[in-house]
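Protein chains: 2
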Amino acid sequence: MISNTSQRSLPAEYSSQARHLVAVDCIIFGFDDDELKLLAIRRQIAPNRGDWSLIGGFVNQEESLHDATVRVIKKLTGLRRIYLSQLYAHGEPDRDPVTRVLSVSYYALIRCQAHNQELIDAAGARWFSITQIPELIFDHQQMVTMALAELRKEARVKPVGFELLPQKFTLPQLQILYEAIYQKQFDKRNFRKRILQMGLLERLDEKDKSNSRKGAWYYQFNRERYRQLTADGFYFNLPL
Amino acid sequence: MISNTSQRSLPAEYSSQARHLVAVDCIIFGFDDDELKLLAIRRQIAPNRGDWSLIGGFVNQEESLHDATVRVIKKLTGLRRIYLSQLYAHGEPDRDPVTRVLSVSYYALIRCQAHNQELIDAAGARWFSITQIPELIFDHQQMVTMALAELRKEARVKPVGFELLPQKFTLPQLQILYEAIYQKQFDKRNFRKRILQMGLLERLDEKDKSNSRKGAWYYQFNRERYRQLTADGFYFNLPL
DNA sequence: CCAAAAGTGTTCGCCGTACACCCATGA
DNA sequence: TCATGGGTGTACGGCGAACACTTTTGG
Numbered sequence: 000m001i002s003n004t005s006q007r008s009l010p011a012e013y014s015s016q017a018r019h020l021v022a023v024d025c026i027i028f029g030f031d032d033d034e035l036k037l038l039a040i041r042r043q044i045a046p047n048r049g050d051w052s053l054i055g056g057f058v059n060q061e062e063s064l065h066d067a068t069v070r071v072i073k074k075l076t077g078l079r080r081i082y083l084s085q086l087y088a089h090g091e092p093d094r095d096p097v098t099r100v101l102s103v104s105y106y107a108l109i110r111c112q113a114h115n116q117e118l119i120d121a122a123g124a125r126w127f128s129i130t131q132i133p134e135l136i137f138d139h140q141q142m143v144t145m146a147l148a149e150l151r152k153e154a155r156v157k158p159v160g161f162e163l164l165p166q167k168f169t170l171p172q173l174q175i176l177y178e179a180i181y182q183k184q185f186d187k188r189n190f191r192k193r194i195l196q197m198g199l200l201e202r203l204d205e206k207d208k209s210n211s212r213k214g215a216w217y218y219q220f221n222r223e224r225y226r227q228l229t230a231d232g233f234y235f236n237l238p239l
Numbered sequence: 000m001i002s003n004t005s006q007r008s009l010p011a012e013y014s015s016q017a018r019h020l021v022a023v024d025c026i027i028f029g030f031d032d033d034e035l036k037l038l039a040i041r042r043q044i045a046p047n048r049g050d051w052s053l054i055g056g057f058v059n060q061e062e063s064l065h066d067a068t069v070r071v072i073k074k075l076t077g078l079r080r081i082y083l084s085q086l087y088a089h090g091e092p093d094r095d096p097v098t099r100v101l102s103v104s105y106y107a108l109i110r111c112q113a114h115n116q117e118l119i120d121a122a123g124a125r126w127f128s129i130t131q132i133p134e135l136i137f138d139h140q141q142m143v144t145m146a147l148a149e150l151r152k153e154a155r156v157k158p159v160g161f162e163l164l165p166q167k168f169t170l171p172q173l174q175i176l177y178e179a180i181y182q183k184q185f186d187k188r189n190f191r192k193r194i195l196q197m198g199l200l201e202r203l204d205e206k207d208k209s210n211s212r213k214g215a216w217y218y219q220f221n222r223e224r225y226r227q228l229t230a231d232g233f234y235f236n237l238p239l
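In order, the protein sequences belong to chains G and V.
Using numbering that gives the first Met the number 0, the first residue of the first sequence is number 0, and each one after it goes up by one.
Using numbering that gives the first Met the number 0, the first residue of the second sequence is number 0, and each one after it goes up by one.
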């Protein structure tokens, strides 16, 4: 394929066009200590070096946006195999004060517990409760706001919540997660009824006794069943 | 601001990065002859010159994505002041066979009737019923599919349908529009009930007699009232 | 036996759905 | 007067919302 510097073989309508720096930025959500959290890092390049920033990086010549996002997340945090969804292309010419950089934001959901070790390797990475996010560079705060809105929209109609929990989880845990996402309390009985009615959870023969003497049953999300039902026209739906 | 060719004053972390061609492509919907329609044009540059294509164009150096979209639509069709919403950033390296071009797609809704004259000026532009879309270049067919899905999602929860109708419209017209969007028939009584219950339509003292002897009342959408209600936590909702 | 969290059912009101006839009018 | 499209009301069922007590068990 034609590289950046040898443009002579392109048709004039292509070669005469402006070329742009393109970055990806990633809003990474996790769930821990009964709180929804955001991963931020200290920016590693000037200007604003050391300020809090989303994970991000430039898109290489022959790399898809999705691949760039995966690469950047992997490099800066060690995380891989996480839930990723494109959010928005941010194209204001002055959004980066240095020069024009287009940025495509992605939001990501990860299971904190399964990845803590890897994150320790990421110098400067830190989790913030979404109720206490520090000042972020450029338009990153706006990206977070959009991502949260999107997460709240998605969590009603797609089983994305489970991307934030361990494979085995309890119903009280699940409810606390949803309460953290929506910053709102739900009725225990109604919440359980709705979740279980959908028939997507399997109860395991094991209890989590870390929070009570009685213990709470572990459940797991049945992905296969979800695929089947979806193919039959079923829609995940939590009227919160 | 720093131009494309004089990169020497940028920090090394910026100047060493790949630069990309970035385009916008626009899925323009209209409603006419009781059908939902898509606007396509004959591609004006090689390769694939003359093939059916979405309206699109490259993003200039100091131009936001939104501005680029407005400019491109204006230039190719004469249309302005239309409803625009960003859809997706398409970043596969080989999506354009000539060279890598990132494309950000937007979907647009316009009132056909109000703009027919301008469109006549746009050589090669044509409306296609969404049930009979011709073969489109590159990944444009996929963009249309995404845009349709998005329109169907949005039309349930936001009053976007009115962007496709004249200011004055009748309830039979409105219903036909929704039936065209969802390719599904609705019960007349229930449809009217739901729409009118929301209290967003005002009946005018005028009838459209072009389709029946009795005539159908004209209505108009009350934007101001919609803003008020939305501020109070009201959500537009059509359970179709 | 007590504290602390897990688990469970019922009632009520609203809304979505199905469904069939009268109205107005120009030709 | 009749053909054509415009307009209207009701009954039923299901689901979301509100609500309080029992169960388990480690200390």
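For glycine and all other residues, C-beta sits at the position ideal for the given N, C-alpha and C.
Using CA atoms only, rank isn't needed, just tell me which of the options is closest to residue i.
i: L237(G); options: Q174(G), L83(G) and Q85(G); result: Q174(G)
i: H114(V); options: G77(V), S84(V), N210(V) and A88(V); result: G77(V)
i: W51(V); options: R224(V), R155(V) and P133(V); result: P133(V)
i: G90(V); options: L176(V), A67(V), R222(V) and D138(V); result: D138(V)
i: Y218(G); options: K187(G), L203(G), R155(G) and A122(G); result: L203(G)
i: S128(V); options: Q182(V), E149(V) and Q141(V); result: Q182(V)
i: L83(G); options: P171(G), Q140(G), V23(G) and A11(G); result: V23(G)
i: P10(V); options: E12(G), I44(G) and T229(G); result: I44(G)
i: Q131(G); options: Q184(G), T169(G), T144(G) and A122(G); result: T144(G)
i: G214(G); options: P171(G), R191(G) and L37(G); result: P171(G)
i: A146(G); options: L37(G), R80(G) and L20(G); result: L37(G)
i: L239(G); options: L20(G), Y177(G), E201(G) and R99(G); result: Y177(G)
i: F220(G); options: L199(G), Y234(G), D95(G) and I194(G); result: L199(G)
i: R99(V); options: R48(V), L20(V) and L118(V); result: L20(V)
i: R193(V); options: Q227(V), I180(V), F235(V) and R222(V); result: F235(V)
Since residue i meets chain G, which of its residues come closer than 7 Å, beta carbon to beta carbon?
i: N59(V); result: A17
i: A45(V); result: P10
Could you list which residues in chain V have their beta carbon closer than 9 Å to that of residue i, in chain order?
i: L64(G); result: A88, H89, G90, E91 and L101
Give the interface partners of residue i over in chain V, defined as CB-CB distance under 8 Å, in chain order.
i: Q85(G); result: Y87 and A88
Check whether chain V comes within 8 Å of residue i, counting only Cβ atoms and requiring the distance to be less than that.
i: I136(G); result: no
i: V21(G); result: yes
i: S5(G); result: Any answer about S5(G) is weak, because its pLDDT of 47 lies below 50 and its placement is not dependable; what the coordinates show is given next. Answer no: the Cβ-Cβ gap between S5(G) and chain V never drops below 8 Å.
Per DSSP, which one or two residues make a beta bridge with residue i?
i: Q85(G); result: Y105(G)
i: R41(G); result: W51(G)
i: K206(G); result: W216(G)
i: F137(V); result: DSSP output for F137(V) lists no bridge partner at all.
i: H19(G); result: H19(V)
i: C25(V); result: I54(V) and Y105(V)
i: D31(V); result: E34(V)
i: T130(V); result: Answer is none; T130(V) lacks a bridge partner.
i: F168(V); result: Y218(V)
i: L200(G); result: F220(G)
i: R125(G); result: A39(G)
Are any of the Cβ atoms in chain G nearer than 8 Å to that of residue i?
i: A113(V); result: no
i: F233(V); result: no
Contact between the stretch 9-24 of chain V and the stretch 57-65 of chain G (3+ Cβ pairs under 8 Å): yes
Looking at C-beta atoms only, is the number of pairs between the stretch 64-73 of chain V and the stretch 161-171 of chain V that lie closer than 8 Å three or more? no
Within 8 Å, do at least three Cβ pairs link the stretch 23-31 of chain V to the stretch 24-32 of chain G? no
Would you check if the stretch 147-156 of chain G and the stretch 207-222 of chain G touch, i.e. whether three or more CB-CB distances between them fall below 8 Å? no
Just checking, does the stretch 141-150 of chain V make contact with the stretch 100-111 of chain V on the three C-beta pairs under 8 Å criterion? yes
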